[in-house]
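Novice:
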Amino acid sequence: MNWDAIGAIAELLGAIGVIASLIYLATQIRHSREQMRAATYQQLHEYIGESANSMPGPEMDLVRLGNADFHSLNEQDGFRYNQWAFRLVMSFEDAHYQYRIKMLDEDRWRVYHSALHAFFAMPGFCQWWNTQPPGAANMMSPEFTALVKEILGEEPDRGE
4 MNWDAIGAIA ELLGAIGVIA SLIYLATQIR HSREQMRAAT YQQLHEYIGE
54 SANSMPGPEM DLVRLGNADF HSLNEQDGFR YNQWAFRLVM SFEDAHYQYR
104 IKMLDEDRWR VYHSALHAFF AMPGFCQWWN TQPPGAANMM SPEFTALVKE
154 ILGEEPDRGE
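First residue of the sequence shown? That's 4 in the working numbering, and the numbers climb one at a time after it.
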């Protein structure tokens with residue numbers, strides 16, 4: 004065997020090593036992305052589920068009253084409801100963002116989208132949304148704000 008043959012074999016082995024490394028790296032990236040998706044879903048699901056189901060009795064009563072008629076709440080309860088509702092909407096906005104960047108799949112986004120529709124079907128929640136100053140919408144993405152307007156049956160802003 005001459006040096007040219009040995010060099011060719013070494014190049015072939017090097018190429019195989021590079022290809023194997025790239026396959027391994029692609030597998031690790033895919034696995035990492037799946038873990039991130041699962042963590043994202045779990046975090047969003049826990050907050051929204053916690054918000055809706057595991058509040059202490061008085062807090063849950065406040066949410067029920069506010070969802071029925073936001074304007075019936077006194078100033079202190081209105082403030083507390085505002086804090087709860089704003090955090091909830093921001094969680095939905097985060098879910099929407101995760102969906103847009105493909106960290107949430109279509110089926111999981113459909114669950115959040117349905118829940119968002121359910122909240123905006125509540126009269127008090129809509130009243131609360133409509134009392135927010137225009138600057139509050141600037142804290143959310145234009146895409147999410149357009150989605151909420153679509154849910155409410157309003158014409159989304161076209162930037163005109």
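Glycine included, each C-beta is placed from N, C-alpha and C at the ideal position. Computed from a predicted model, the values in this text were never measured in an experiment.
Do you know offhand how far residue 80's Cα is from residue 67's?
Specialist: 12 Å
Novice: Using a threshold of 8 Å, state whether the C-beta atoms of residue 70 and residue 142 are closer than that.
Specialist: Inclusion of residue 70 and residue 142 in the CB contact set at 8 Å is not warranted, their separation being larger than that value.
Novice: Taking residue 127 as part of the alpha helix (DSSP H), name the residues at either end of that continuous run.
Specialist: Element bounds for residue 127: 126-134.
Novice: Taking the Cβ atom as the reference point for each residue, do residue 146 and residue 111 lie within a distance shorter than 8 Å?
Specialist: No. Outside cutoff.
Novice: Could you say which of 131, 130, 115, 136 lies nearest to residue 150 if we only look at CA atoms?
Specialist: Taking only the C-alpha atoms, the option nearest residue 150 is 115.
Novice: Straight-line CA distance for residue 113 to residue 11?
Specialist: It is roughly 55 Å from the alpha-carbon of residue 113 to the alpha-carbon of residue 11.
Novice: So the candidates are 136, 33, 152; which of them puts its Cα closest to the Cα of residue 119?
Specialist: Among 136, 33, 152, the Cα nearest to that of residue 119 belongs to 152.
Novice: When you compare the CB positions of residue 144 and residue 96, do they come within less than 8 Å of one another, or not?
Specialist: The answer is yes: Cβ separation under 8 Å.
Novice: Which whole-angstrom value describes the C-beta separation of residue 129 and residue 155, a residue pair presumed to lie in contact below a C-beta threshold of 8 Å?
Specialist: 7 Å
Novice: Pick helix, strand or coil for residue 93, following the three-state DSSP scheme.
Specialist: Look at residue 93 here: in three-state DSSP terms it is helix.
Novice: Measure how close the beta-carbons of residue 39 and residue 106 come, nearest whole angstrom, since I'm counting them as under 8 Å.
Specialist: 6 Å
Novice: I'd like the span of the alpha helix (DSSP H) that includes residue 70, first residue to last.
Specialist: Looking at the DSSP string, the run of the alpha helix (DSSP H) that includes residue 70 is 60-71.
Novice: Expressed to the nearest angstrom, what Euclidean distance is found between the alpha-carbon atoms of residue 21 and residue 15?
Specialist: 10 Å
Novice: Is residue 99 buried or exposed, if buried means 16 or more other CB atoms sit within 10 Å of its CB?
Specialist: buried
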